[in-house]
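What follows is a short report on a single structure.
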Amino acid sequence: MTLGKVFPESLLLIGKVTRPHGIDGLLKINSYAESAETFTNVEVVYLKGVSGEFVEFRVISIKPHKKAFLLKLEGLRTLEKAEQQRGAEIYVSKDCLLRGEGDYFWHELIGLKVYSLKGKFIGEIKHILTTGSNDIFIVGEGKEEVLIPAIHEVVKQIDLEDKRVIISEMEGLLDLNEA
Numbered sequence: 138m139t140l141g142k143v144f145p146e147s148l149l150l151i152g153k154v155t156r157p158h159g160i161d162g163l164l165k166i167n168s169y170a171e172s173a174e175t176f177t178n179v180e181v182v183y184l185k186g187v188s189g190e191f192v193e194f195r196v197i198s199i200k201p202h203k204k205a206f207l208l209k210l211e212g213l214r215t216l217e218k219a220e221q222q223r224g225a226e227i228y229v230s231k232d233c234l235l236r237g238e239g240d241y242f243w244h245e246l247i248g249l250k251v252y253s254l255k256g257k258f259i260g261e262i263k264h265i266l267t268t269g270s271n272d273i274f275i276v277g278e279g280k281e282e283v284l285i286p287a288i289h290e291v292v293k294q295i296d297l298e299d300k301r302v303i304i305s306e307m308e309g310l311l312d313l314n315e316a
């Protein structure tokens with residue numbers, strides 16, 4: 138089923154097809170999600186190829202493979218069919234994703250305004266970096282940027298409705314970029 142060239146607001150990008158794996162239509166993918174559970178909790182994914190069109194596929198299986206995952210989709214049974222999906226972006230319906238209390242999707246955080254507990258405007262979340270232990274918010278105002286660790290000791294409140302994040306100014310946290 139093709140969904141058209143317009144990006145549906147109800148979908149979320151969660152990975153990318155790197156290449157076929159084997160001759161039976163298996164896809165090697167890089168996942169932007171934290172675990173394979175993201176794929177196992179959904180029955181359907183949408184692949185967006187170079188044409189810009191979204192094509193719906195039912196998920197048959199997914200398993201870890203080295204630092205990537207192997208994804209088997211209904212309808213992809215040959216190397217040739219899998220090769221057609223090389224480089225495709227993988228989307229899922231936002232409604233299918235599970236999250237716990239206090240969990241947020243990156244797309245919800247990008248663009249939020251960041252303030253200190255004292256009300257000082259720090260900037261807007263421009264990007265998010267993944268590290269081994271925690272994410273880091275890249276917060277910018279104009280050309281100035283600061284790195285804010287996304288940990289409970291620093292991030293005190295995330296308010297999606299008011300589009301703001303409140304942080305604690307730990308000693309030296311905001312002084313790092315000043316010369």
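If you read the sequence shown in my numbering, its first letter stands for residue 138, the second for the next number, and so on. The beta carbon of each residue, even a glycine, is placed where N, CA and C say it ideally should be.
Using a threshold of 8 Å, state whether the C-beta atoms of residue i and residue j are closer than that.
i: residue 275; j: residue 293; result: no
i: residue 259; j: residue 199; result: no
i: residue 162; j: residue 207; result: no
i: residue 244; j: residue 184; result: no
i: residue 157; j: residue 220; result: yes
i: residue 290; j: residue 277; result: no
i: residue 193; j: residue 181; result: yes
i: residue 257; j: residue 300; result: no
For residue i, count the other beta carbons within 10 Å of its own beta carbon; 16 or more makes it buried, fewer makes it exposed. Which is it?
i: residue 268; result: exposed
i: residue 147; result: exposed
i: residue 160; result: exposed
i: residue 209; result: buried
i: residue 302; result: buried
i: residue 242; result: exposed
i: residue 283; result: buried
i: residue 296; result: exposed
i: residue 215; result: exposed
i: residue 176; result: buried
Output needed for residue i: all residues of its chain with C-beta closer than 6 Å, excluding positions within five of it in sequence on either side, in chain order.
i: residue 153; result: 167 and 226
i: residue 272; result: 265 and 287
i: residue 141; result: In this predicted model, residue 141 has a pLDDT of only 45, less than 50, meaning its place in the structure is not dependable enough to derive any value.
i: residue 186; result: 225
Near residue i, which residues of its chain fall below 8 Å by C-beta distance, leaving aside the five closest residues on each side in sequence?
i: residue 179; result: 196, 229, 230, 233 and 234
i: residue 218; result: 162 and 212
Which residue or residues does DSSP assign as beta-bridge partners of residue i?
i: residue 188; result: Paired residue(s): none; residue 188 is not in a bridge.
i: residue 226; result: 153 and 185
i: residue 148; result: 230
i: residue 252; result: 258 and 303
What whole-angstrom Cβ distance do residue i and residue j have, given they're in contact under 8 Å?
i: residue 298; j: residue 254; result: With a Cβ gap of about 19 Å, residue 298 and residue 254 do not count as contacting.
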